[in-house]
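Below: the structure, in structure tokens.
There are 4 protein chains.
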Amino acid sequence: MSLNSFGHLLRFTTWGESHGPAIGAVVDGCPPGLQLSEADIQPWLDRRRPGTSRFTTQRREPDQVRILSGVFEGRTTGTPISLLIENEDQRSKDYSEVAQAYRPGHADITYDAKYGLRDWRGGGRSSARETASRVAAGAVARLVIPEVSIRAYLVELGGDPIDRAAFDEAQIEANPFHCPDAAAAERWAEAVDAARKDGSSLGAVVECVATGVPAGWGAPLYAKLDAELAGAMMGINAVKGVEIGDGFGAARLRGEQNADPIRPGPAFDSNHSGGILGGISTGQPVVVRVAFKPTSSILTPVPTIGRDGQATEIATKGRHDPCVGIRGAPVVEAMMALVLADQKLLHRGQCG
Amino acid sequence: MSLNSFGHLLRFTTWGESHGPAIGAVVDGCPPGLQLSEADIQPWLDRRRPGTSRFTTQRREPDQVRILSGVFEGRTTGTPISLLIENEDQRSKDYSEVAQAYRPGHADITYDAKYGLRDWRGGGRSSARETASRVAAGAVARLVIPEVSIRAYLVELGGDPIDRAAFDEAQIEANPFHCPDAAAAERWAEAVDAARKDGSSLGAVVECVATGVPAGWGAPLYAKLDAELAGAMMGINAVKGVEIGDGFGAARLRGEQNADPIRPGPAFDSNHSGGILGGISTGQPVVVRVAFKPTSSILTPVPTIGRDGQATEIATKGRHDPCVGIRGAPVVEAMMALVLADQKLLHRGQCG
Amino acid sequence: MSLNSFGHLLRFTTWGESHGPAIGAVVDGCPPGLQLSEADIQPWLDRRRPGTSRFTTQRREPDQVRILSGVFEGRTTGTPISLLIENEDQRSKDYSEVAQAYRPGHADITYDAKYGLRDWRGGGRSSARETASRVAAGAVARLVIPEVSIRAYLVELGGDPIDRAAFDEAQIEANPFHCPDAAAAERWAEAVDAARKDGSSLGAVVECVATGVPAGWGAPLYAKLDAELAGAMMGINAVKGVEIGDGFGAARLRGEQNADPIRPGPAFDSNHSGGILGGISTGQPVVVRVAFKPTSSILTPVPTIGRDGQATEIATKGRHDPCVGIRGAPVVEAMMALVLADQKLLHRGQCG
Amino acid sequence: MSLNSFGHLLRFTTWGESHGPAIGAVVDGCPPGLQLSEADIQPWLDRRRPGTSRFTTQRREPDQVRILSGVFEGRTTGTPISLLIENEDQRSKDYSEVAQAYRPGHADITYDAKYGLRDWRGGGRSSARETASRVAAGAVARLVIPEVSIRAYLVELGGDPIDRAAFDEAQIEANPFHCPDAAAAERWAEAVDAARKDGSSLGAVVECVATGVPAGWGAPLYAKLDAELAGAMMGINAVKGVEIGDGFGAARLRGEQNADPIRPGPAFDSNHSGGILGGISTGQPVVVRVAFKPTSSILTPVPTIGRDGQATEIATKGRHDPCVGIRGAPVVEAMMALVLADQKLLHRGQCG
């Protein structure tokens, strides 16, 4: 029960290692009759693809997706949709040192502890490369929820937050950081360049907002919308924290500050709740914030041990993202889409 | 698919409403041969029970648990363990106003949106009373992981954090706030008294640490230990944020600060990771932090609408916790135990 | 993962042992707004209840069901429905011998092999008493599928089949065997009396027909309607065979005999398929046949071994059904209802 | 929730249509450290492969399997194993008529009813071609249970049973019918030739025996070993009946005939139970019998309707198995392996 599946009614299963021949996803439970071709998926993969700016890894992966099943004459048939992405740029030699020693902050030591062996090439299964499969599956999920718009962007990088007053949605696609604040994006460019020069890396916070979610989605009590989102986001590589709405900030508010007054409509005066009450959507935008730790693969040497248990140190060479949070944004969006699509179908099944 | 079950191999299902005749849990998959009686469960329920100090709701519930199945001659048989807790103090009249109007911050409006009707007595199924079932189930889970110690405590209340330098584990049970800092506990008592007097409420942050977790627990990729914990915690009533290890703080560190150096043993110089790498336990303490919003039931009137859609306002009378985070700590512990016990069995099944 | 749950969207979990204080079921995922009270469940339990004729066990169990949750003001709320049935006639002394030796044909030896211990009182969890929980859950499921009528009856008892030409539906409730052939019912009465006198027991075949199932229910490929039914039926105590439509008889037909010609409507000239093609309902009646072995609890002594591994023999005293198939019919109906209701919701979720 | 996954701890998901570019399976939860290469899977696929004798379809499919993930340096890593089989002989033109009219006995009409559209090329997802994925997954499952031997063979074809007295295990691989009775195999050859000449088809009964299964496997109550087997077998294309042990024959025995006496060891005098009591293995051979209907694709014209609802008739040309039961035997074996491997891991997880 390695449990490489996610979702209830719309359920996807991913497979593949960083340096194996391919990676992929099987999306099961997609409603029939939706128009779907590779062209619906490829743009989302392109957004996540490495090597698109100097601020991401220079690994070259075209990430061309192929649909192997579940679509006939351009429409989904209700049967499993198999998505395949071949790995092309597999320079395993870059990783030879990793075979011998555990990289601190990586899953090397824990995979060995769990399984007694591991595919050390580029982190194997634990590589963030797997998230391409999620992005592909997420593209299918988006088709299930045409009423919903999802947008993720960075609100903090290297501890430097955006200015909320300068929030400009048009900026998000205008810079390589998915940053809605143009001034912050400039500061971040310098920070990332400096970190890379130092052989270091930076963390980031991604915010994701889904608008158009109707009231009533969520499956209480143990598949609440917020619980599903939290599990989905915390399972993304390098994520260490998840907030819904005001999140940890809500813990510093008083009851009367935090309650979102309800007006006829219904409408709400504020959205401290992040669009979720009792695990069910309110009809307001669903708001999630996700903390990415700094990339663990750094050139700065760190003390560690080898597989033989002896002390050594390791500097992770190779081509790495100086800030994994940047490429995390499209993955956060994909998981948001997958959770919402699943909850839509669950709701229809029980209450439709 | 209301999905009132949680867990994979150790799986529990809860049922019951705040003001129905009883609440309960069915724990399935518990290994056979463990010594279990009501006396193993009752102390944990007593810790969570309302009315134990002036800082919690004055609802009187003895919360006596009965084991109805799954135990024979004092030992678990491997069959489902049915746990029943009768509701005694059901003053439904307290809630008559709630029948007509939606309490802001509560699940009233979303349950109605989802189901088209709701049990308005005390919040019905969405009441935090349900968490007693989790605590009871968690007591069973603890027996499955005798190698693990779990301790939850408040590290912040009303925005006022503890002083980490003053951390004294012995203090945790010495004050009604599960607070490890005696001075903070005194300040919090004043703050909670003041908030209640004002008809207001406060939020809190609970930290939970599990020691003794061996390396290797966790089911990547979509039932990672941290993902399961995040889902489990975010599903607790009033929770809006979850962090593992340094959490959002990790997003402000540089790569070389955040990497926990590994030493022969293996041992680690630090625990920024919170005991989890790649979704699998490292052998270090597992550390989770959980943000509770302020109680939504407040005496201060808040604008809202009635079931008829008309504007009104509501002040939630009745007996409510001025800070639900206080009684949240035992629930956080229970969910930690349930996740870890489940992961132990999963690991044994796949890799044992 | 004792896995005491069944179903996907409409999911029930049962608990309880033959001679514990109570047994019960939690039904999760029931749509909201359905009228439900104990009066909707009790008649189905009464049909299954022991002691209603001399052809069933004389154990006296009123089998009064209580609804503990999930219903408010007479309607389902969408939250889990907890059903409780107290055990009253628990003469554990009848079973003292069973504590020492394994009854051939029973689960005594296998529960010990699996769990290392067992509740020997009346078979504990493996007792057919648990099926009362299924019947109660099935009564809820029936409300989910008002368009469907389900009828189970015996078509063979002790190797003596009914005469299909004499099939009279009105007879089914007119005799204690759920037998649609009055003449067969008379022969069976004699056969069962004789078997009981001999300290023996008899097997039976139950047929169950669901009419009104629309075309399109079924979740291929691994939750096909027929696969779900087969699993559901084979899991009933004492069942050793399941057929859909012509079943094993279909293996003796030629292709052109077995194909059910399709006419405009659509309509079918015949129903060899039992209303299921490719795991999906055709719109014709769904037909299942279930083989019950003879009761294993017999007065005739059979060689066995004790828990100490030594040879002995055992004659199972106590109050037992001479033919468990008789009381099996209501259980088969319940499982049919539970599978169909679940598939209806699944279909609505994916294709609705 | 098309539910194209099967299993609990060892879980596989299949995808692919008869005439799409490829089919495949993802096997999740396989224990780490097992030696696995394509050479461990290919022989089982070769046994099932079409075109190996004149008694099976002449479609030419090399069915070469590729392992795309989950194996490193020749051993399983504990991560998902992705298996891919390309479709080569896709003569879609053979199926053009099927696009317009529903073949009686096929899933054409039900897929349309369920999904509103279907991939009509060779039956699309409902084609028995998908069972190649199961056979591939089953080959992996076999590695998980090296203590178990599984053997499936035909015991009846076209209504003509084998002579149990002539049972010779060596014969099973010596004829194209997996028939343990040489004389029956000769008769069957004539019968199949005649049926094909007539444009007809025949049914068959497959028996499968697993030896070496230890006592204690099975997850009561709703994942009992026999219930899982029944669901697994009934879900195979063209299957209409499943028996465990004596099956329907048990319903004609008396209690003292059917009880398998237990001797010290433990050992049993007989195996009417088919190696399963109370849903848990006894340690005896596990015996299942599976009824396959005659192939629905026949040259004899049968009345049907078109997608337009108008009456027509159809004779299914193309290359079809005259008796699908023949190629069903390897699939039955695969499902037996998959169920047993899953139950082994479940048992280890809960009771290990």
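First to last, the protein sequences are chains A, B, C and D.
Here the working numbering is used: the first residue of the first sequence is 1, the next is one more, and so on.
Here the working numbering is used: the first residue of the second sequence is 1001, the next is one more, and so on.
Here the working numbering is used: the first residue of the third sequence is 2001, the next is one more, and so on.
Here the working numbering is used: the first residue of the fourth sequence is 3001, the next is one more, and so on.
In this text, a Cβ means the ideal position worked out from N, Cα and C, and glycines have one as well.
On the CB-based measure, 16 or more other CB atoms within 10 Å of its CB, does residue i come out buried or exposed?
i, result
"residue 52/A", "exposed"
"residue 3163/D", "exposed"
"residue 2055/C", "buried"
"residue 3082/D", "buried"
"residue 1060/B", "exposed"
"residue 161/A", "exposed"
"residue 167/A", "exposed"
Suppose the cutoff is 7 Å on Cβ atoms and the five residues either side in sequence are ignored; what does the same chain contact list for residue i look like?
i, result
"residue 1223/B", "1008"
"residue 233/A", "239, 242, 288, 290, 332 and 335"
"residue 1038/B", "1065, 1066 and 1067"
"residue 3139/D", "3040, 3041 and 3044"
"residue 3142/D", "3337"
"residue 2329/C", "2152, 2153, 2154, 2178 and 2206"
"residue 1347/B", "1216 and 1217"
Under a three-way DSSP split, which group does residue i fall into?
i, result
"residue 131/A", "helix"
"residue 3248/D", "helix"
"residue 3229/D", "helix"
"residue 1311/B", "strand"
"residue 168/A", "coil"
"residue 2212/C", "coil"
"residue 1157/B", "strand"
"residue 2136/C", "helix"
"residue 2073/C", "coil"
"residue 2276/C", "strand"
"residue 25/A", "strand"
"residue 3066/D", "strand"
"residue 1253/B", "coil"
"residue 1346/B", "helix"
"residue 207/A", "strand"
"residue 3014/D", "strand"
"residue 82/A", "strand"
For residue i, which residues from the same chain have a beta carbon less than 6 Å from its beta carbon, with the 5 sequence-adjacent residues on both sides left out?
i, result
"residue 129/A", "18"
"residue 2284/C", "2268, 2271 and 2275"
"residue 2297/C", "2316 and 2320"
At the 8 Å Cβ level, is residue i part of the contact set with chain F, yes or no?
i, result
"residue 3028/D", "Although the question refers to chain F, the structure presented lacks it and instead comprises the protein chains A, B, C and D."
What residues in its chain sit with their C-beta under 8 Å from that of residue i, if we drop five residues either side in the sequence?
i, result
"residue 3278/D", "3218, 3220 and 3224"
"residue 3149/D", "3210, 3211 and 3212"
"residue 1089/B", "1059, 1060 and 1061"
"residue 1214/B", "1147, 1281 and 1283"
Practice task
Count the C-beta pairs between the segment 3153-3169 of chain D and the segment 3178-3185 of chain D that are closer than 8 Å, then say yes if the count reaches three, no if not.
Solution key: In short, these stretches touch, since the Cβ pair count reaches three.
Practice task
Please name the residues in the segment 3107-3120 of chain D whose beta-carbon is closer than 9 Å to at least one beta-carbon of chain A, in chain order.
Solution key: Those would be 3111, 3114, 3115, 3116, 3117, 3118, 3119 and 3120, in chain order.
Handout entry: Cβ pair count under 8 Å reaching 3, the segment 2109-2123 of chain C against the segment 1032-1047 of chain B
Key = With contact defined as three or more Cβ pairs closer than 8 Å, the segment 2109-2123 of chain C and the segment 1032-1047 of chain B are in contact.
Problem - Stretch-stretch touch, CB-based, cutoff 8 Å, three pairs: the segment 3303-3313 of chain D with the segment 2251-2265 of chain C - result: The segment 3303-3313 of chain D is in contact with the segment 2251-2265 of chain C.
Exercise for the section: Note down, in chain order, all residues in the segment 1233-1252 of chain B with a beta-carbon under 7 Å from any beta-carbon belonging to chain A. Expected result: Across the segment 1233-1252 of chain B, CB contacts with chain A closer than 7 Å involve 1234, 1235, 1240, 1241, 1242, 1243, 1244, 1245, 1246, 1247, 1248, 1250, 1251 and 1252, in sequence order along the chain.
Problem - Interface residues of the segment 1160-1188 of chain B facing chain A [CB-CB below 8 Å] - result: The residues in question: there are none.
Problem - Contact set between the segment 3192-3209 of chain D and chain C, restricted to residues whose Cβ is under 9 Å from the partner - result: If you check each beta-carbon in the segment 3192-3209 of chain D against every beta-carbon of chain C, the ones closer than 9 Å belong to 3195, 3198, 3199, 3200, 3201, 3202, 3203, 3204 and 3205.
Handout entry: Residues in the segment 287-298 of chain A having any Cβ partner in chain B nearer than 7 Å
Key = Under the 7 Å Cβ criterion, the segment 287-298 of chain A contributes 291, 292, 293, 294, 295, 296 and 298.
Exercise for the section: Taking a Cβ distance cut-off of 7 Å, strictly less, list which residues of the segment 2032-2049 of chain C are near chain A, in chain order. Expected result: Contacts with chain A (Cβ-Cβ distance below 7 Å) from the segment 2032-2049 of chain C involve 2032, listed in chain order.
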